[in-house]
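The block underneath contains the structure these notes are about, expressed in structure tokens.
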Amino acid sequence: MATSPALSRRAFVVAAGLTALAGCSGKNSGDPNTLRISVSKHPLTKPMSTMEWPKQLEKIAGVKIQWQEISADWDQKKSTMLAAGDVPDLIIGTNAITNADLGTYRTLFENLADDLDALPNVKALFAAKPQLKSMATLTGGEVYAVPGYKRFWPTTVTHQYINKQWLDRLGLKVPTTWDELYTVLVAFKEEDANGNGDKNDEIPMDWSPVGTGGFGYFQPSVLLGSVGLPIAGGGGQGYFLEDGKVGNFLVDERYKQVIEFLHRCYAAGLVSKNVMTQDYSAYQAVGRGSGKVAKVGFSWGWTASDRFGAELADQYVAMAPLLAKAGQTTPVTWTYDSNGENFPSNQILMSAKTSNKQAALKVVNALYDKEMSLQVLWGDLGKYVKKISDKEYEVLPPADPKVDPSTWKWTVTIADAGPVWIRDDMEVKLPADLDEAVEQTEPLQKALANMDVDKDVYPFQFIQMKPDDTNQLGLNNTTMLNTAMTKFAEWITKGGVEDQWGQYVQQVQNAGLQKSIDIYQRYYDEYVKTR
Amino acid sequence: MTFFRKKTPGDVVFTLALGAICVAVLFAVVYPVYFVVIASVSNPSLISTGEVWLWPKGVNLFGYREIFNDERIWTGYRNTLLYSVVGTALNLVVTIPAAYALSRPEFRPRRILMLFFVFTMFFNGGLIPTYLLYRDLGLLDNWLVFVLPSAVNVYNLIIARAFFEHSLPKELFEAAMIDGVSYLQYFARVALPLSKAIVSVIGLYYLVQHWNDFFTGMVFVRDNALQPLQIVLRDILLSNQAFAGGVGASGGSGTSYDQQYADQIKYGVIVVSSLPVLVLYPFLQRYFEKGVLIGSVKG
Amino acid sequence: MAESLVAARKPAGARKPGAGRHVRRYWQLWLMVLPAVGFVAVFLYVPMYGIQLAFREFDFTAGLTGGDWVGLKYFRQFFDSPLFWPLLKNTFVIAFTTLVVGFVAPILLALMINQIAGGRRKRVMQTATYLPHFISIVVIVGMLQAFLNSSTGLLTRVSALFGLDGVNFLGDTAAFVPVYVISDVWQHCGWNSIIYLAALSRVDPQLYEAAKVDGANRLQLIRHVDVPSIVPTMVILLILTMGGVLNTGFEKVWLMQNNLNLPVSEVIATYVYKIGIFSTQFSYATAIGLFNTVINFAFLIAANAIARRVSNWSLW
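Chains as they are written, first to last, in my numbering: chain A, 1 to 531; chain B, 1 to 299; chain C, 1 to 316.
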């Protein structure tokens, strides 16, 4: 219906579609006593003016900082800003400017490779963590974006949980294989596992909504680990590295096995009926049950408290990866996420036309200072982080007991969005959620140890691609995922993978898969050579 | 229907059927809206699990407290009010006379002019050239950006033009021409007073367009002091969605954000942002009431 | 009618009036239309040079007109894409269904509201039906999730009572278009009826009385008095609507999309968005957008031409 709002909506889409170009390079406001810094921060985060550390930055750099705080629609703002060549003095935010952006717009940014002497902290960071240096350095030796190091994050973000109380009530053991899991889930479904008198309100298995753009955290793609297929970051667009060879699991026989197993579960009514259609908040809310009554038996999440809520967290235990078959010889693996979490890329960039380069360099350097990094990540020293000695710090629990530590962190500082270097030689008492996550990674450690980080984890973070290749991959992947993600959902809910597999593989190949794999392989080989 | 003095059986059936359909439509429309209202004060977990239907459950005002605790919201309200009022005034001043001029059949260039306008409903240069233009005109981070570029909405122009074409009695114009009245005089003294209904509809369309505009603020304004209500509310709202979108840049830690917290805000935001426009509507509505205008023509 | 007036006058002023005479006669009309022309020229026409990007290689460093001219390369790329036909079909089905249903529903609603006796009841009805217009799309989709949830959703449970058991309204490919369209109509129907109500408010009461004297019942009154009075409005809106045969609300489709309904829910707008996200393919995105626009514009021109012939009224 052509109403005026509908028209403006159309205008919006066309605008997005027609996002065109510009040739002008930005003129900066020019006042050398003021630095304009854009920060892509979390919507929860309070204004920068409420924090102490930005004031310290101003003092160190000897200028006034004008913060442009952007907590929504960053991508939209960014694409306009870049294409119009209108960038502020500094841009802060993890991957706020991506490598793909740099492919097109690198001329807008300052090459920091020859400024490292003015950035002693960054220089020291590169010396301490050489992989960060290679991550930041383009093929021509330029460094436009400085990454960070967060040190404490567990190797994986996805943890696996089962409701132990339900198991105990039904006299069952924690499953170790797919078949055992199946049996347990059947019992969850058929019995009154949560003991509230209703046999039908249990959801044996649930996972995080799988988007149309590929796989992510807390999704059943981790079951690929059961068949020994090493994935990273939850699976992404299916590309993985195995013994130095790039592949894509979307056309791998082992992926087919996982799909078959999931369909078996789905067909038996063991998976939430809403698993393909619910949104993230519904998925979270269901996991939190009602009051003391849990609803979900088996699922994945960041921590038990986050996934099931503080009231129910105690009912769940973290599990080791499952074997696809009892007594299998293939070693199991798990999703390896540490690269993404501990080595956040592209955290800060400088405009090529900054009005006061010296001051801007001072700001960059100061951010990678030992104590400043702590403050950026967890909040002001003295208020949110306690200094015990020069080498010992404690992240204080939230002043508001109703708020969980992670929300607290995101409220009082820019947290994971900020450029940081958390030193390896410090003692830090971590906030409760991070502690819990580390602890719940424990059962997964063996599986993670089965992966050779150099040969089984594709170093997405550490590779800088040429724009042409990025574009080619973008096109191929969009087409490929259109088929693959549809089939993923269809096969699990309706079955048919056995009959359609051959034709499906052909179709995915037609989307240019081999070409994409070759591109990834080429970059990987170069990466290995230069290391 | 006051002219129906005595009711025939057919009329009774008609009235009953009408009543029944109206009640059904009313229910279908109002219930979901009612749901938004009760959801804004209920425990969000109970909503997602489908336990809130008729009455709010786990009542708390957390969402509203959170929304109104944000001091930016008052700036947002003030800005939006300013942009909407000034913007709509400019819209009407530019659109209504133009629509009238384009409605005159003897004004031959109107065909090409219409094409000139309609073309822009379909083709536009895209965001970046627009951004550059605004920058050169000094409209970035300037409140006029909310007012000037949207001065003419072609859709509204067409509606208004059609109204002038179809609803003003031709005889009136011809009589006025014989009296030697100029176009401007005729427009100001005759056409405009007879067109309150369309002016109020167009005004409402424009007003709502300004009220709901978040795109302008999103792309062309970085100064938080200038942001309209919709941007402020969106920022608050996105505390929720940033996580729903999953674990992007914020990493796994992001997901540990307490979902309980912000789902409620989503519903509160709807209530807070639409209330003022809703309150306004009945005031404009009286211009649509039957007879108001016809009477003046007759008199 | 308007056209016939012009036609009738033509012979009288057969001599072509010169520019000077035109200005002398119509300067006041020009004065009235010029501000609007000015705003549109500056804010909409000046940036239009951006369209050429569809025919050029996007090259940031080379500047505005610096990219290599590649002609129809990106259009060809789109036409050759295996997704071209599915995208076109999905976009058309969603847009066209919305267009037809969304066109008829407000008319029926307006005619109905107009029948309600008593200003107060009428106002309540009117205000109530236009309420949903203000609910943001994010929340609309959130509500759809809640109401259509396979296990707890109210509508799912209600439809189970009618024997529609186990329908996954959010995932079923057959359910996507109906859910999309019905919720769209639900949201905008009341708002879109405002314009018809304004037109109906101008019906001369004498017409009703005359018809009543002729013995018309209420349905006949609607048919012979109310409907003709809104036909002009209908024609305009229909023409404008026809210019949207390939338009879908991006945000709503995007939010409703999931892997189960993707075979019917991937539309041009979402595809362009994905292309934009995965790589900065400005030229390709511009080309697809332009293709979409041209198709829409072609339909508008066709609709306008038909309207000119059939109803004597047209946009230009």
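A virtual CB, placed ideally from N, CA and C, is assigned to each residue, including glycine. If you're wondering where the values come from, they're calculated on a predicted model, not measured in any experiment.
1) Could you tell me which of Val272(B), Glu171(B), Leu102(B) and Ser273(B) sits nearest to Gln28(C), measuring between CA atoms?
2) Straight-line CA distance for Val122(A) to Ser389(A)?
3) My output table needs one value for Thr354(A): the three-state DSSP class, helix, strand or coil.
4) For chain C, is any of its Cβ atoms less than 8 Å away from the one on Ala175(B)?
5) So, does the segment 252-265 of chain C touch the segment 305-314 of chain C, judging by three or more C-beta pairs under 8 Å?
6) Please name the residue in Glu190(A), Gly379(A) and Gln237(A) whose C-alpha comes closest to that of Leu396(A).
7) Checking contacts by CB at 8 Å: is Met218(B) closer than that to chain A?
8) Nearest-angstrom Cα distance between Gly23(A) and Asp75(A)?
9) Give the straight-line distance between the Cα atoms of Val376(A) and Leu127(B), rounded to the nearest whole angstrom.
10) Identify whether His159(A) lies in helix, strand or coil by the three-state DSSP scheme.
11) Enumerate in chain order the residues of its own chain whose CB-to-CB distance from Thr216(B) is below 7 Å, with the five nearest sequence positions on each side excluded.
12) Would you identify the three-state DSSP class for Arg104(B), choosing helix, strand or coil?
13) Which chain B residues are close to Phe39(C), counting only those with a beta carbon under 7 Å from its beta carbon?
14) With a threshold of 7 Å, establish whether the CB of Arg308(C) neighbours any heavy atom of the ligand NAP.
15) If you measure beta-carbon to beta-carbon, which residues of the segment 211-223 of chain C are closer than 8 Å to chain B?
16) With DSSP as the reference, label Tyr217(A) as helix, strand or coil.
17) Take Phe299(C) and list the residues in its own chain whose beta-carbon comes closer than 7 Å to its own, dropping the five residues that flank it on each side.
18) Rounding to the nearest angstrom, what Cα-Cα distance links Leu161(C) and Gly214(A) in this structure?
19) Comparing C-alpha positions only, which one of Ala89(B), Gln227(B) and Tyr205(B) sits nearest to Tyr130(C)?
20) Should Pro169(B) go down as buried or exposed, given a rule of 16 or more other Cβ atoms within 10 Å for buried?
21) Does the Cβ-Cβ distance between Leu194(B) and Asn79(B) come in under 8 Å?
22) Can you check whether the C-beta of Met485(A) is within less than 8 Å of a C-beta belonging to chain C?
23) Going by the DSSP bridge assignment, what does Trp67(A) pair with across the sheet?
24) For Ala232(A), write down the residues that DSSP places opposite it in a beta bridge.
25) In angstroms, rounded to a whole number, what distance separates the CA positions of Asn60(B) and Val271(B)?
26) Against chain A, does Pro228(C) count as a neighbour if the rule is that its beta carbon must be under 8 Å from one of theirs?
27) Would you kindly check if the distance between the Cβ of Ile230(C) and the Cβ of Tyr208(C) is under 8 Å?
28) On the CB-based measure, 16 or more other CB atoms within 10 Å of its CB, does Gly268(B) come out buried or exposed?
29) Which chain C residues sit within Cβ distance under 9 Å of Asp213(B)?
30) Between Pro154(A) and Gln278(A), what straight-line distance do the alpha-carbon atoms span, to the nearest angstrom?
31) When the distance is taken between beta carbons, is Ser40(A) closer than 8 Å to Gly93(A)?
32) Would you kindly work out how many angstroms separate the C-alpha atoms of Ser250(B) and Ile202(B), rounded to a whole number?
33) Which value, in whole angstroms, describes the spacing of the CA atoms of Leu172(B) and Phe291(C)?
34) Which one of Asn192(C), Tyr26(C) and Leu53(C) has the shortest CA to CA distance from Ile113(C)?
35) Less than 8 Å between CB atoms is the rule here; does Leu132(B) satisfy it with respect to chain A?
36) Three or more beta-carbon pairs under 8 Å between the segment 412-425 of chain A and the segment 36-50 of chain A, yes or no?
The answer reads as follows:
1) Leu102(B)
2) 24 Å
3) coil
4) no
5) no
6) Gly379(A)
7) yes
8) Residue placement at Gly23(A) is flagged as unreliable, the pLDDT there being 32, under the threshold of 50; the coordinate-derived value follows with that caveat. Approximately 20 Å between the Cα atoms of the pair.
9) 34 Å
10) strand
11) Val145 and Phe146
12) coil
13) Val94, Ala151 and Val152
14) No copy of the ligand NAP occurs in the structure displayed, which carries no ligand at all.
15) Lys212, Asn217, Arg218 and Leu219
16) coil
17) Met242, Gly243 and Val245
18) 37 Å
19) Tyr205(B)
20) exposed
21) no
22) yes
23) Ile37(A)
24) Tyr336(A)
25) 15 Å
26) no
27) no
28) buried
29) Here the premise fails: no neighbours, minimum Cβ distance about 13 Å.
30) 28 Å
31) yes
32) In this predicted model, Ser250(B) has a pLDDT of only 34, less than 50, meaning its place in the structure is not dependable; the value taken from the coordinates is given anyway. About 44 Å.
33) 46 Å
34) Asn192(C)
35) yes
36) yes
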